[in-house]
Amino acid sequence: LLPDRGYNVVGTTDYRARLNTVSIELAPTPPGAAPAAGQEQSGVNATLADTLLLTDDKGVDATGLDPLNGVRPAAGDMPILPQADNGKLALDDEAIVRLPDGSMFISDEYGPNIYRFSAEGRLMSATQPPAALVPMRHGKPNFASDNPGPGAAEPDPKDPETGRQNNQGLEGMSLTPDGKFLIAVLQSAPRQDGGDSGSTRQNTRALVYDASDLAHLKLAHEYVVPLPVFKDAKGKTKVAAQSEIVALSNTSFLMLTRDSGNGQGVKGEESLYRKINIVDLSGATDIAGGPFDAADKPLAPKGVLDASVAPAKVTPFIDINDRAQLGRFGLHNGKPNDKDNLSEKWEAMSLVSVLDPKLPDDYFLFVANDNDFLTQDGFQVGAPYKAEDGADVDTMFLVYQVTLPNLATN
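Counted from 1, the sequence shown has number 132 at position 151 by our numbering; the numbering is strictly sequential.
So this is what it looks like as structure tokens:
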């Protein structure tokens, strides 16, 4: 499990970037069956087994602090990087890909960059996205996310003029089954493509990198992915944010999308949109290396996609808010806003085989939440804390059994 930048107080904290290894014992309930009474939420036993702290290429701890105006100059093969006021590499980690040699790719929101770390957690290389995704203020890269700490000034302007929106970076990333390509998807559209509004930010981008040289990822393909649109409780148009992906082939992936502000731990009670979709890139226009990779050439001004660009196809697959399915396990969506109400943010997915020779195309799909470190017994960066309003949100896993034909051969 990959924590992000730590508990959000006023601003951010000097939380050390890390990777937690969790041991999981699974006792699945057969499809259609009901768990034994009192055992509705006992099918997954997760135990923290290890923690690996991440450092920069010099071995100095990384931090979750907002980089504000800090930019670490390019050096060697390293591009410019977000740097906090304390001189540390600023990371807001979001997605991870483990590699056979023990090293790992990690994507973040500040850059939004893709980093490669060694098996020991030391930074080995970094990949910057196309210029259209790099946050710019006053014509210069500026990685601030508008989360200043006490006494610190807000960025000027508050939002980037172009590039990724604040706190909307490379939220999803996955290696294709054949290991040849790394796919990363921006959480929502860049600012210049309608990303400046919650109702027009649907045209996000999928970056497909050639991963044959792990130290030097090369952008091979790039596509527009239209995020799902729904109506909120007041009838206003909203766009569901992309929160994680799992590659199914070189041209398709599962994509987790959701609304915000609803669920256990926050004031809103009922989520209106939480779904896992299948994204097909095969018929989409490849815009890699073209004019839309420049910051001054919007591909979807005010959310209207350029007529020359065909987007990917998005097909609904699993409705996480399905009341009947949640009810089998003593869970619900909406009132009462208690511990059995799904929490707000669902941001992790992983596939593992069911290991049944009679079901070679069946997999367990693990889906996990981001609890935002909301607890009444917290301790972080040398100090105890309690989340506001008594919030106490567990890390939770939902496990689905799904059939994905030919996945092993893709």
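C-beta: ideal position from N, C-alpha, C; glycine also. Here the structure is a predicted model, which is why all the values come from computation and not from measurement.
Determine the contact status of residue i and residue j, defining contact as a CB-CB distance below 9 Å.
i        : j        : result
Asp127   : Arg(-14) : no
Asp(-5)  : Leu46    : yes
Ala134   : Val206   : no
Leu379   : Trp327   : yes
Leu80    : Tyr96    : no
Met330   : Ile259   : no
Tyr(-12) : Gln357   : no
Asp38    : Arg103   : yes
Ala113   : Asp274   : yes
Pro129   : Pro122   : no
Pro341   : Glu203   : no
Ala201   : Ala269   : yes
Glu394   : Gly242   : Here the chain comprises residues numbered -18 to 391, so residue 394 is not present and cannot be evaluated.
Val(-10) : Tyr366   : yes
Asp194   : Gln146   : no
Leaving out five residues on either side along the sequence, give the residues of the same chain with a beta carbon under 7 Å from the beta carbon of residue i.
i      : result
Gly311 : Glu21, Gln22 and Asp321
Leu355 : Gly246, Ala368, Ala372, Asp373 and Val374
Ile299 : Lys256, Ile257 and Tyr381
Report, in whole angstroms, the separation of the C-beta atoms of residue i and residue j, which I expect to be a contact under 8 Å.
i      : j      : result
Gln382 : Phe345 : 6 Å
Ser252 : Leu323 : 7 Å
Gln109 : Pro60  : 4 Å
Thr376 : Asn350 : 7 Å
Gly24  : Leu0   : With 8 Å as the limit, Gly24 and Leu0 do not qualify as a contact, their Cβ atoms being about 25 Å apart.
Val3   : Ala27  : 5 Å
Glu225 : Lys316 : Wrong, their Cβ atoms sit about 27 Å apart, outside the cutoff.
Ala196 : Met85  : That pair is no contact at about 13 Å.
Using C-beta distances below 8 Å, list every residue in its chain close to residue i, excluding the 5 sequence neighbours before and after it, in chain order.
i      : result
Gln223 : Glu152, Gly153, Val166, Leu167, Gln168, Ser169, Thr185, Val206, Leu208, Met236, Leu237 and Thr238
Arg118 : Ala125, Pro136, Asp137, Pro138, Pro141 and Glu142
Gly150 : Asp73, Glu75, Ser88, Asp89, Glu90, Tyr91, Gly92, Pro93, Leu167 and Gln168
Asp213 : Lys219, Asp240 and Leu253
Tyr190 : Ile95, Thr108, Phe162, Leu163, Ile164, Ala165, Leu198, Lys199, Leu200 and Ala201
Cutting at 6 Å between CB atoms, please list the residues of its own chain near residue i, excluding the five before and the five after it.
i      : result
Leu156 : Val78 and Leu163
Asn231 : Thr157 and Phe162
Thr266 : Val290 and Ala291
Arg304 : none
Asp174 : Asn184, Pro279, Leu280 and Ala281
Pro409 : Outside the modelled stretch of the chain, which goes from -18 to 391, sits residue 409, for which no answer is possible.
What does DSSP give as the partner residues of residue i in its beta bridges?
i       : result
Lys219  : Phe211
Phe234  : Ala228 and Val260
Lys339  : Answer is none; Lys339 lacks a bridge partner.
Val333  : Phe345
Val78   : Phe86
Ser99   : For Ser99, which the question treats as bridged, DSSP gives no partner whatsoever.
Phe162  : Asp191
Asn26   : Glu6
Asp127  : Asp127 is not bridged to any residue.
Thr(-6) : None, per the DSSP bridge assignment.
Met117  : Pro122 and Thr143
With a threshold of 9 Å between beta carbons, is residue i in contact with chain D?
i       : result
Arg(-1) : Reference to chain D is not applicable here, since this structure consists of a single protein chain.
Hey, is the stretch 177 to 189 in contact with the stretch 279 to 297, meaning 3+ C-beta pairs nearer than 8 Å? Taking one beta carbon from each stretch, the stretch 177 to 189 and the stretch 279 to 297 have 3 or more pairs nearer than 8 Å; the two touch.
I want to know whether the stretch 41 to 56 touches the stretch -9 to 9 - three or more CB-CB distances under 8 Å. In the pairwise beta carbon analysis, the stretch 41 to 56 is classified as touching the stretch -9 to 9: at least three pairs are separated by under 8 Å.
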